[in-house]
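Student:
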Amino acid sequence: MSALVIEAGSRHIREINDEIQQAAAEGREVVVTNTLSRHNLGIGLPRGAHVRFEGSVGYYCAGLNDGAVIEVERNAGWGLAEGMASGHVSVGGYAGMSAGAAMTGGTIHVKGDSGPRCGVAMKGGNIIVEGKIGYQSGFMAHSGKIIALGGAGHSCADALWEGEVWVAGEVESLGVDVEVVEPTAEEVAEVDAILDPLGLVDTSRNWRKMISGQRLWYFESRDANAWLMI
Amino acid sequence: MCGIAGRILASPGRVGNDLVELMDAQEHRGADSTGFAIYGTPRDTGYVLRGMGFDKKGLDADMDRFREILREHGSDYLEEPAFVTDENPHYCVRMVISDPRDIAAWIRDADTLTDRFEVQSCGRSLEIVKDIGGAEAVADKHGVRDMVGTHGLGHARLATESSVLPNASHPFWARPFSDVAIVHNGQITDYHTWRERLERKGYRFLTHNDSELIAVWVSDQINQGLTMAQALQKSIPSIDGVFTYMIARPEGIGFAKDRFAMKPLVVIEQAGELAAATEEQAVRRVFSDECDVINYDGPSLTGIWTVGNRRMAA
Chain D
1 MSALVIEAGS RHIREINDEI QQAAAEGREV VVTNTLSRHN LGIGLPRGAH
51 VRFEGSVGYY CAGLNDGAVI EVERNAGWGL AEGMASGHVS VGGYAGMSAG
101 AAMTGGTIHV KGDSGPRCGV AMKGGNIIVE GKIGYQSGFM AHSGKIIALG
151 GAGHSCADAL WEGEVWVAGE VESLGVDVEV VEPTAEEVAE VDAILDPLGL
201 VDTSRNWRKM ISGQRLWYFE SRDANAWLMI
Chain H
1001 MCGIAGRILA SPGRVGNDLV ELMDAQEHRG ADSTGFAIYG TPRDTGYVLR
1051 GMGFDKKGLD ADMDRFREIL REHGSDYLEE PAFVTDENPH YCVRMVISDP
1101 RDIAAWIRDA DTLTDRFEVQ SCGRSLEIVK DIGGAEAVAD KHGVRDMVGT
1151 HGLGHARLAT ESSVLPNASH PFWARPFSDV AIVHNGQITD YHTWRERLER
1201 KGYRFLTHND SELIAVWVSD QINQGLTMAQ ALQKSIPSID GVFTYMIARP
1251 EGIGFAKDRF AMKPLVVIEQ AGELAAATEE QAVRRVFSDE CDVINYDGPS
1301 LTGIWTVGNR RMAA
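In order, the protein sequences belong to chains D and H.
Position 98 of the first sequence, counted from 1, bears residue number 98 in my numbering, the numbering being contiguous throughout.
Every position in the second sequence, counted from 1, becomes a number in my numbering once 1000 is added.
(1) Is there at least one Cβ from chain D nearer than 7 Å to residue 1186 of chain H's Cβ?
(2) Does the CB of residue 1014 of chain H have a neighbour CB from chain D at under 7 Å?
(3) Which partner residues of residue 1095 of chain H appear in the DSSP bridge assignment?
(4) May I ask you to report which of helix, strand or coil DSSP gives residue 1081 of chain H?
(5) Based on the DSSP secondary-structure assignment, which residues constitute the bridge partners of residue 107 of chain D?
(6) Beta-carbon of residue 230 of chain D versus every beta-carbon of chain H: anything under 7 Å?
(7) Per DSSP, what kind of secondary structure is residue 1306 of chain H in: helix, strand or coil?
(8) Say whether the stretch 1034-1047 of chain H touches the stretch 1151-1158 of chain H, bearing in mind that this needs 3 or more beta-carbon pairs closer than 8 Å, one atom from each stretch.
(9) Residue 33 of chain D: which of D:64, D:114, D:71, D:214 sits nearest, CA to CA?
(10) Name the chain D residues whose beta carbon is nearer than 7 Å to that of residue 1284 of chain H?
(11) Only counting the same chain, and skipping five residues up and downstream in sequence, which positions put a Cβ closer than 7 Å to that of residue 1134 of chain H?
(12) Is any beta-carbon of chain D found at less than 7 Å from that of residue 1313 of chain H?
(13) So which residues of chain D does residue 1298 of chain H contact, with C-beta pairs closer than 8 Å?
(14) Assign residue 216 of chain D to one of three DSSP states: helix, strand, or coil.
(15) From residue 1273 of chain H to residue 142 of chain D, what distance separates their C-alpha atoms?
(16) Starting from the C-beta of residue 1024 of chain H, find all residues in its chain whose C-beta is less than 7 Å away, skip the five residues before and the five after it, and write them out in chain order.
(17) How many angstroms separate the CA atom of residue 5 of chain D from the CA atom of residue 1269 of chain H?
(18) Within this structure, are the beta carbons of residue 1241 of chain H and residue 1307 of chain H separated by less than 7 Å?
(19) Going by alpha carbons, who is nearest to residue 1077 of chain H out of H:1060, H:1202, H:1138, H:1067?
(20) Going along chain H, which residues have a C-beta under 7 Å from residue 40 of chain D?
(21) By how many angstroms is the C-alpha of residue 27 of chain D removed from the C-alpha of residue 1159 of chain H?
(22) Evaluate contact between the stretch 122-135 of chain D and the stretch 90-108 of chain D, counting only Cβ atoms and requiring at least three cross-stretch pairs below 8 Å.
(23) For residue 1194 of chain H, name the three-state secondary structure that DSSP assigns.
(24) Would you check if the distance between the CB atom of residue 1120 of chain H and the CB atom of residue 1029 of chain H is smaller than 7 Å?
(25) If the cut is a Cβ gap below 8 Å, which residues of chain D does residue 1288 of chain H touch?
(26) Note the first and the last residue of the continuous beta strand (DSSP E) segment covering residue 166 of chain D.
(27) So with Cβ pairs under 7 Å, would you call residue 97 of chain D a contact of chain H?
(28) Just reading off the alpha helix (DSSP H) that residue 1066 of chain H is part of, what are its end residues?
(29) Run the CB neighbour count on residue 76 of chain D, radius 10 Å, all protein chains shown included, and call it buried at 16 or more, exposed below.
(30) Taking 7 Å as the CB-CB limit, is residue 58 of chain D close to chain H?
(31) So, using beta-carbon positions, are residue 81 of chain D and residue 100 of chain D closer together than 7 Å?
(32) Measuring CB atoms only, is the stretch 1077-1092 of chain H touching the stretch 1046-1064 of chain H, in the sense that at least three cross pairs come out at less than 8 Å?
(33) Grab me the residues of residue 1313 of chain H's own chain with a C-beta within less than 6 Å of its C-beta, minus the 5 sequence neighbours each way, in chain order.
(34) Please classify residue 1185 of chain H: does DSSP put it in a helix, a strand, or coil?
(35) Just verifying my parser: in three-state terms, what is the DSSP assignment at residue 39 of chain D?
(36) Do residue 16 of chain D and residue 40 of chain D have their C-beta atoms within less than 7 Å of each other?
And the structure:
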């Protein structure tokens, strides 16, 4: 069955999303054209759905994804795949602020850079960014991995809980309560296993693995001044 | 949550129309009120004023007194005032005046009328149009789509820190600095501290809107000798709160973002033209083809975009 082509343009977003859902239910691939960076495209799609957005999308694309494979040809706005439970979301260019916010599972693959607070409060799954992750990426991540091949902006891995931030390039500065640890060969192999299906394995990488220093786990308000960053 | 926009054209054109499009695309971010700051072809002498009176029944008396004050400062109408009214009690006015001897001294006296009438912009080219309602409604009422100029700002307001009133809409004029306007998305948390400091220096604020403060704060810094770029940078550690603001002057538009990068800014720049907005889908109204978009998503960013050609080709 050939892919169904849906034009976004200025049509009501609910109408477009209904058509995507219906095609997904019929097991049909979808190509969405003329996306005009519009918000809330492809929300809550189920396993088996395969949607490709031509051009750039706005906020919250692929939000609450529940197993679908979603491709964005160019850039994505803020909150890409927010709250995703499972599935695979890829972005050809840049992913805006808070990509993968509060996701609980699945994979986000960004071929360009990501904006600030990528993986904020994520609770599972993996975010792979081929370029650089923005300011304060991994902020309060509870679980899961953020893997940046290009580098990281300021305040990297700020206030992590149990998530991990892996950076192969330059880190501009660390956030609060971060511990940089030398990964074991087994841990590197785990990361390579995530990168392998994306064709991104490179054994010459010099990884920095960032985890929580665990001091903020026992936050005491009398110590607040020690944590103030500004 | 508010929506802001900026637009620069390579040469004078329908900048009003583009700003209405930019704001219409962001109306869901706040439709309490909408406003526009438009920089038309600059006059050599005389100022364009935009103002608002709060009770149209008092219009004649307001204008009589306003004109008396103008004359006391060596100024008078160059063009008769043009009024816009509707079913609401307030009225809006545009007029052109000859140069007062001293703008700051004149506006100080004119501001004695602010319980019934206020000047909302004053400039060789700046005109601020604002009102309650969404982008289309305000644009229709005030003919914004037909306003010609080189650059300008737009704002859709969702009031969070002060009341919904026609005069509490953005953009704000940096009273008394002619031709300076601001739009702001965010909240200033040390508003009262800064307002008191600036009031002690003689500045007047007509609303309790925190954005009015930024316009004056930046202009005051420039007045003290900083360049616009320095003033924008200094605002980031000096003013507390979350903000992305754009400040417009005759030569261009500057922006600054807070230390936590809480509010978006998206820009498309092409062939000497520029569209900036809170949301990418808004700038795509102006540049509908897929093109390179700059996401100013990072913290503590500033920048200035200059206007190339401000006058119509002869």
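Glycine included, every Cβ here is placed at the ideal spot set by N, Cα and C.
Computed from a predicted model, the values in this text were never measured in an experiment.
Tutor: On the basis of the coordinates in this document:
(1) no
(2) no
(3) H:1049
(4) strand
(5) D:88, D:126
(6) Residue placement at residue 230 of chain D cannot be trusted, given a pLDDT of 45 that sits under 50; what the coordinates show is reported in the next sentence. Residue 230 of chain D counts as touching chain H.
(7) strand
(8) yes
(9) D:71
(10) 36, 37
(11) 1027, 1031, 1034
(12) The pLDDT assigned to residue 1313 of chain H is 43, lower than 50, so where the model puts this residue is not dependable; a value taken from the coordinates is nonetheless given after this. By this cut-off, residue 1313 of chain H is not an interface position.
(13) 115, 116, 134, 135, 153
(14) helix
(15) 44 Å
(16) 1135, 1136
(17) 30 Å
(18) no
(19) H:1067
(20) Within chain H, no residue comes near residue 40 of chain D; the closest Cβ sits about 11 Å away, beyond 7 Å.
(21) 45 Å
(22) yes
(23) helix
(24) no
(25) 36
(26) 164-167
(27) yes
(28) 1059-1072
(29) buried
(30) yes
(31) yes
(32) yes
(33) The predicted model places residue 1313 of chain H with a pLDDT of 43, which falls under 50 and marks its position as unreliable, so this point remains unresolved.
(34) strand
(35) coil
(36) no
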